[in-house]
Amino acid sequence: MTALVRYFLGLWSQFQQNRIRRLGRKADQVEEQGFRQQWFLLAGSATKDQIVDHPKPQNLTAIYPPDNAFWADPFVWVKDGKRYVFFEDFPFDTWRGRISVIEIDETGQRITEPVPVVDETHHLSYPFLFEYQGELYMMPEKAEVKRVDLYRCVEFPLKWEFHKTLIDGVKIADPTLFEHEGRWWLFCAAKKGQIRINESLFAYYADSPLSSQWTPHAANPLVRDFSLGRPAGRIFRDGLGRLLRPSQDCLRRYGHGLNLSEITVLTPTTYQESLVWKVSGDEIGMRAIHHLDWQAGIAVMDAQRLLPKTAS
(Lines of atoms letter the chains of each structure in order from A; the text may use other names.)
(Lines give C-alpha, C1' and ligand atoms only; values in the text may rest on other atoms or scores of the structure.)
Protein backbone atom coordinates (compact mmCIF):
# COMPACT_ATOMS: atom_id res chain seq x y z
CA MET A 4 0.00 0.00 0.00
CA THR A 5 1.47 3.34 -1.04
CA ALA A 6 1.78 6.32 1.28
CA LEU A 7 -0.80 8.20 -0.81
CA VAL A 8 -3.35 5.39 -0.48
CA ARG A 9 -2.76 5.22 3.29
CA TYR A 10 -3.26 8.98 3.50
CA PHE A 11 -6.63 8.91 1.74
CA LEU A 12 -7.76 5.86 3.73
CA GLY A 13 -6.88 7.79 6.88
CA LEU A 14 -8.94 10.77 5.74
CA TRP A 15 -11.91 8.51 4.97
CA SER A 16 -11.65 6.84 8.40
CA GLN A 17 -11.57 10.24 10.14
CA PHE A 18 -14.62 11.36 8.15
CA GLN A 19 -16.57 8.24 9.14
CA GLN A 20 -15.55 8.51 12.79
CA ASN A 21 -16.54 12.17 12.95
CA ARG A 22 -19.92 11.27 11.44
CA ILE A 23 -20.52 8.59 14.09
CA ARG A 24 -19.47 10.99 16.85
CA ARG A 25 -21.84 13.71 15.61
CA LEU A 26 -24.75 11.26 15.59
CA GLY A 27 -23.76 10.07 19.06
CA ARG A 28 -23.69 13.61 20.42
CA LYS A 29 -27.17 14.29 19.06
CA ALA A 30 -28.51 11.14 20.71
CA ASP A 31 -26.77 12.01 23.99
CA GLN A 32 -28.29 15.50 24.02
CA VAL A 33 -31.74 13.91 24.01
CA GLU A 34 -30.86 11.19 26.53
CA GLU A 35 -29.17 13.57 28.97
CA GLN A 36 -31.92 16.21 29.15
CA GLY A 37 -32.55 16.82 32.85
CA PHE A 38 -29.63 14.57 33.85
CA ARG A 39 -25.90 14.83 34.44
CA GLN A 40 -23.17 12.25 34.05
CA GLN A 41 -21.68 10.60 37.13
CA TRP A 42 -18.69 8.28 37.06
CA PHE A 43 -18.37 5.75 39.90
CA LEU A 44 -15.87 3.05 40.89
CA LEU A 45 -15.97 -0.73 40.58
CA ALA A 46 -13.70 -3.00 42.64
CA GLY A 47 -13.34 -6.61 43.70
CA SER A 48 -11.34 -9.82 43.55
CA ALA A 49 -10.10 -11.04 40.17
CA THR A 50 -7.18 -13.01 38.87
CA LYS A 51 -4.95 -11.61 36.16
CA ASP A 52 -6.14 -14.40 33.87
CA GLN A 53 -9.74 -13.25 34.37
CA ILE A 54 -8.76 -9.71 33.39
CA VAL A 55 -6.87 -10.92 30.32
CA ASP A 56 -9.61 -13.32 29.20
CA HIS A 57 -12.38 -10.73 29.53
CA PRO A 58 -13.31 -8.56 32.51
CA LYS A 59 -16.77 -8.78 34.04
CA PRO A 60 -17.39 -5.32 35.55
CA GLN A 61 -20.91 -6.36 36.51
CA ASN A 62 -19.36 -8.86 38.98
CA LEU A 63 -17.40 -6.14 40.79
CA THR A 64 -18.70 -4.06 43.70
CA ALA A 65 -19.98 -0.59 42.80
CA ILE A 66 -18.59 2.24 44.95
CA TYR A 67 -20.79 5.29 44.50
CA PRO A 68 -19.77 8.89 45.24
CA PRO A 69 -22.20 11.41 46.73
CA ASP A 70 -24.59 12.93 44.20
CA ASN A 71 -22.56 16.15 44.08
CA ALA A 72 -19.37 14.53 42.71
CA PHE A 73 -17.98 11.85 40.44
CA TRP A 74 -15.17 9.36 41.08
CA ALA A 75 -13.09 7.96 38.19
CA ASP A 76 -9.66 6.72 37.02
CA PRO A 77 -8.97 4.32 39.91
CA PHE A 78 -5.54 2.82 40.58
CA VAL A 79 -5.11 0.15 43.25
CA TRP A 80 -2.10 -0.27 45.53
CA VAL A 81 -1.72 -3.14 48.02
CA LYS A 82 0.55 -2.57 51.02
CA ASP A 83 0.92 -4.59 54.23
CA GLY A 84 -2.11 -6.66 53.30
CA LYS A 85 -4.36 -3.62 52.90
CA ARG A 86 -5.95 -2.48 49.64
CA TYR A 87 -6.04 1.21 48.71
CA VAL A 88 -7.69 2.86 45.73
CA PHE A 89 -6.44 6.25 44.51
CA PHE A 90 -8.80 8.04 42.13
CA GLU A 91 -9.99 11.27 40.54
CA ASP A 92 -12.39 12.93 43.00
CA PHE A 93 -14.37 15.58 41.12
CA PRO A 94 -16.80 17.73 43.15
CA PHE A 95 -19.34 19.40 40.86
CA ASP A 96 -19.26 22.65 42.86
CA THR A 97 -15.54 23.28 42.22
CA TRP A 98 -15.51 21.67 38.75
CA ARG A 99 -11.90 20.65 39.41
CA GLY A 100 -10.53 17.19 40.06
CA ARG A 101 -8.28 16.25 42.95
CA ILE A 102 -6.72 12.92 43.96
CA SER A 103 -8.30 11.05 46.88
CA VAL A 104 -7.82 7.63 48.44
CA ILE A 105 -10.05 5.02 50.07
CA GLU A 106 -9.34 1.64 51.60
CA ILE A 107 -11.38 -1.35 50.41
CA ASP A 108 -11.72 -4.98 51.48
CA GLU A 109 -11.10 -8.03 49.31
CA THR A 110 -14.65 -7.91 47.94
CA GLY A 111 -14.35 -4.27 46.87
CA GLN A 112 -16.44 -2.84 49.71
CA ARG A 113 -15.31 0.61 50.82
CA ILE A 114 -14.20 0.61 54.48
CA THR A 115 -12.94 4.20 54.84
CA GLU A 116 -14.18 7.60 53.79
CA PRO A 117 -12.29 9.28 50.91
CA VAL A 118 -9.38 11.53 51.91
CA PRO A 119 -7.87 14.05 49.45
CA VAL A 120 -4.11 13.45 49.14
CA VAL A 121 -3.09 15.70 46.22
CA ASP A 122 -5.03 18.88 45.55
CA GLU A 123 -3.90 21.79 43.38
CA THR A 124 -5.43 24.96 41.96
CA HIS A 125 -5.75 23.13 38.61
CA HIS A 126 -7.49 19.93 37.57
CA LEU A 127 -5.96 16.55 38.49
CA SER A 128 -6.98 13.06 37.41
CA TYR A 129 -5.55 9.61 36.49
CA PRO A 130 -3.27 9.08 39.54
CA PHE A 131 -0.84 6.59 37.97
CA LEU A 132 1.26 4.87 40.66
CA PHE A 133 4.64 3.18 40.31
CA GLU A 134 7.54 2.09 42.51
CA TYR A 135 11.16 2.79 41.61
CA GLN A 136 14.29 2.15 43.66
CA GLY A 137 12.25 1.64 46.81
CA GLU A 138 10.18 4.83 46.47
CA LEU A 139 6.51 5.12 45.56
CA TYR A 140 5.57 7.83 43.05
CA MET A 141 2.33 9.22 41.65
CA MET A 142 2.07 10.74 38.17
CA PRO A 143 -1.39 12.34 37.86
CA GLU A 144 -2.76 13.88 34.69
CA LYS A 145 -2.22 17.65 34.49
CA ALA A 146 -3.34 18.37 30.94
CA GLU A 147 -4.86 21.68 32.03
CA VAL A 148 -1.40 23.14 32.79
CA LYS A 149 0.43 21.19 30.04
CA ARG A 150 2.79 19.35 32.40
CA VAL A 151 3.63 15.84 33.54
CA ASP A 152 4.69 16.03 37.20
CA LEU A 153 5.80 13.44 39.72
CA TYR A 154 4.81 13.32 43.39
CA ARG A 155 6.74 11.20 45.90
CA CYS A 156 5.02 9.41 48.76
CA VAL A 157 6.48 10.49 52.12
CA GLU A 158 3.94 8.74 54.36
CA PHE A 159 1.68 6.13 52.79
CA PRO A 160 -1.10 6.57 51.86
CA LEU A 161 -1.89 10.16 52.82
CA LYS A 162 1.23 12.33 52.45
CA TRP A 163 2.72 13.15 49.05
CA GLU A 164 5.12 15.89 47.98
CA PHE A 165 5.96 17.36 44.58
CA HIS A 166 9.12 15.73 43.26
CA LYS A 167 9.85 17.02 39.75
CA THR A 168 8.49 17.83 36.29
CA LEU A 169 9.06 15.23 33.59
CA ILE A 170 7.53 16.96 30.56
CA ASP A 171 6.52 20.61 30.19
CA GLY A 172 4.61 22.46 27.49
CA VAL A 173 2.58 19.54 26.08
CA LYS A 174 -1.13 18.93 26.74
CA ILE A 175 -0.88 15.30 27.87
CA ALA A 176 -3.70 13.13 29.23
CA ASP A 177 -3.56 9.74 30.97
CA PRO A 178 0.26 9.45 31.25
CA THR A 179 1.20 5.78 31.73
CA LEU A 180 4.70 4.47 32.49
CA PHE A 181 6.21 1.04 31.90
CA GLU A 182 9.60 -0.55 31.26
CA HIS A 183 10.31 -2.52 28.11
CA GLU A 184 13.60 -3.88 26.79
CA GLY A 185 15.83 -1.54 28.78
CA ARG A 186 13.86 1.65 28.17
CA TRP A 187 11.18 3.44 30.16
CA TRP A 188 8.17 4.36 28.07
CA LEU A 189 5.57 7.04 28.73
CA PHE A 190 2.38 6.37 26.77
CA CYS A 191 -0.30 9.08 26.76
CA ALA A 192 -2.99 10.88 24.82
CA ALA A 193 -2.10 14.38 23.64
CA LYS A 194 -3.51 17.41 21.85
CA LYS A 195 -1.22 18.36 18.99
CA GLY A 196 -2.37 20.36 15.98
CA GLN A 197 -5.47 18.73 14.52
CA ILE A 198 -4.99 15.57 16.61
CA ARG A 199 -7.44 15.38 19.50
CA ILE A 200 -6.87 13.80 22.90
CA ASN A 201 -9.70 11.28 22.65
CA GLU A 202 -8.33 9.75 19.44
CA SER A 203 -4.62 9.63 20.14
CA LEU A 204 -1.83 7.50 21.53
CA PHE A 205 1.58 9.16 21.77
CA ALA A 206 4.79 7.69 23.21
CA TYR A 207 8.00 9.05 24.72
CA TYR A 208 11.00 7.12 26.03
CA ALA A 209 13.91 7.69 28.42
CA ASP A 210 16.58 5.78 30.37
CA SER A 211 14.84 6.35 33.71
CA PRO A 212 11.26 7.03 34.85
CA LEU A 213 12.64 10.04 36.76
CA SER A 214 14.27 11.57 33.69
CA SER A 215 13.50 15.09 32.51
CA GLN A 216 14.68 14.23 28.98
CA TRP A 217 11.98 12.28 27.13
CA THR A 218 12.37 11.53 23.42
CA PRO A 219 9.19 11.46 21.29
CA HIS A 220 8.60 8.26 19.36
CA ALA A 221 9.49 8.65 15.68
CA ALA A 222 6.04 7.41 14.60
CA ASN A 223 3.90 9.61 16.86
CA PRO A 224 0.96 9.42 17.03
CA LEU A 225 1.22 5.65 17.32
CA VAL A 226 -2.57 5.39 17.10
CA ARG A 227 -5.07 7.91 15.74
CA ASP A 228 -8.46 6.29 16.23
CA PHE A 229 -11.31 7.34 18.53
CA SER A 230 -12.14 3.68 19.17
CA LEU A 231 -8.62 2.55 20.18
CA GLY A 232 -6.25 5.41 20.94
CA ARG A 233 -6.59 6.96 24.39
CA PRO A 234 -4.99 5.08 27.33
CA ALA A 235 -7.26 3.49 29.94
CA GLY A 236 -4.97 2.24 32.71
CA ARG A 237 -1.76 0.45 33.58
CA ILE A 238 0.13 -1.49 30.89
CA PHE A 239 1.03 -4.97 32.17
CA ARG A 240 2.28 -8.43 31.19
CA ASP A 241 0.14 -11.53 31.37
CA GLY A 242 1.25 -15.04 32.33
CA LEU A 243 2.45 -15.67 28.77
CA GLY A 244 4.67 -12.58 28.83
CA ARG A 245 2.48 -10.58 26.46
CA LEU A 246 2.59 -6.81 26.94
CA LEU A 247 -1.03 -5.62 27.21
CA ARG A 248 -2.43 -2.09 26.89
CA PRO A 249 -5.91 -1.00 28.04
CA SER A 250 -7.42 1.73 25.87
CA GLN A 251 -10.66 3.67 25.61
CA ASP A 252 -13.32 3.46 22.95
CA CYS A 253 -14.44 7.09 22.61
CA LEU A 254 -16.16 6.72 19.26
CA ARG A 255 -19.80 6.64 20.40
CA ARG A 256 -19.12 8.95 23.35
CA TYR A 257 -16.23 9.70 25.68
CA GLY A 258 -15.31 6.53 27.57
CA HIS A 259 -18.09 4.47 26.00
CA GLY A 260 -16.03 1.28 26.00
CA LEU A 261 -12.81 -0.42 26.96
CA ASN A 262 -10.27 -2.37 24.89
CA LEU A 263 -7.29 -4.55 25.67
CA SER A 264 -4.57 -4.78 23.01
CA GLU A 265 -1.30 -6.68 22.85
CA ILE A 266 1.76 -4.56 22.05
CA THR A 267 3.58 -6.78 19.56
CA VAL A 268 6.32 -4.40 18.33
CA LEU A 269 7.78 -1.45 20.23
CA THR A 270 11.07 0.23 19.32
CA PRO A 271 12.01 3.93 19.09
CA THR A 272 10.94 3.89 15.43
CA THR A 273 8.17 1.26 15.11
CA TYR A 274 4.96 0.26 16.86
CA GLN A 275 2.34 -2.44 16.35
CA GLU A 276 -0.53 -3.70 18.49
CA SER A 277 -3.37 -6.18 18.03
CA LEU A 278 -6.77 -6.19 19.69
CA VAL A 279 -7.39 -8.88 22.34
CA TRP A 280 -10.90 -7.89 23.43
CA LYS A 281 -13.37 -5.01 23.39
CA VAL A 282 -16.31 -4.32 25.73
CA SER A 283 -18.82 -1.47 25.60
CA GLY A 284 -20.90 -0.05 28.41
CA ASP A 285 -24.05 -1.17 26.58
CA GLU A 286 -22.95 -4.82 26.73
CA ILE A 287 -22.81 -4.79 30.54
CA GLY A 288 -25.79 -2.54 31.27
CA MET A 289 -23.70 0.57 31.98
CA ARG A 290 -23.62 3.83 30.07
CA ALA A 291 -19.85 3.96 29.76
CA ILE A 292 -16.73 2.25 31.10
CA HIS A 293 -13.23 3.59 30.51
CA HIS A 294 -10.56 2.43 32.96
CA LEU A 295 -8.89 -0.75 34.24
CA ASP A 296 -6.20 -1.49 36.83
CA TRP A 297 -5.14 -4.65 38.67
CA GLN A 298 -2.75 -5.54 41.47
CA ALA A 299 -2.36 -8.55 43.77
CA GLY A 300 -5.75 -10.06 43.03
CA ILE A 301 -7.76 -6.83 43.11
CA ALA A 302 -9.32 -5.29 39.99
CA VAL A 303 -10.60 -1.72 39.82
CA MET A 304 -12.58 -0.10 37.02
CA ASP A 305 -15.03 2.77 36.61
CA ALA A 306 -18.39 3.22 34.95
CA GLN A 307 -20.89 5.99 34.25
CA ARG A 308 -24.55 6.53 35.03
CA LEU A 309 -26.97 9.45 34.68
CA LEU A 310 -28.34 11.29 37.71
CA PRO A 311 -31.22 13.78 37.78
CA LYS A 312 -29.85 17.31 37.85
CA THR A 313 -32.02 18.04 40.86
CA ALA A 314 -29.91 15.60 42.92
CA SER A 315 -27.53 17.29 45.34
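Going by our numbering, the sequence shown opens with residue 4, and the numbers climb by one from there.
A virtual CB, placed ideally from N, CA and C, is assigned to each residue, including glycine.
- The C-alpha of residue 223 lies about 8 Å from the C-alpha of residue 204.
- Ranked by Cα distance from residue 272, the first of 278, 206, 234 and 134 is 206.
- DSSP, read as helix, strand or coil, puts residue 70 in coil.
- With a cutoff of 8 Å on beta-carbon distance, residue 236 and residue 294 are scored as near each other.
- Annotation: the continuous alpha helix (DSSP H) that includes residue 56 extends over 51-56.
- For residue 148 against residue 125, the beta-carbon gap comes to about 5 Å, under 8 Å, which counts as contact.
- DSSP places residue 266 inside the beta strand (DSSP E), whose first and last residues are 260-269.
- In this model, residue 168 and residue 180 are separated by some 14 Å (Cα to Cα).
- Pairing residue 190 with residue 234, the inter-Cα distance amounts to about 8 Å.
- Leaving aside the five residues that flank residue 110 on each side, the residues in its chain whose CB is nearer than 7 Å to its CB run, in chain order, 47, 48 and 64.
- Taken through DSSP and simplified to helix, strand or coil, residue 216 comes out as coil.
- Annotated as distal: residue 74 and residue 45, with beta-carbon spacing of 8 Å or more.
- The three-state reading of DSSP puts residue 102 in strand, counting E and B together.
- Nearest Cα to residue 157 within the set 137, 172, 95 and 118: 137.
- Rounded to whole angstroms, the gap between the alpha carbons of residue 219 and residue 251 is 22 Å.
- Contact check for residue 91 and residue 70: beta-carbon distance about 17 Å, past the 8 Å limit, so the pair fails to qualify.
- The C-alpha of residue 141 lies about 24 Å from the C-alpha of residue 266.
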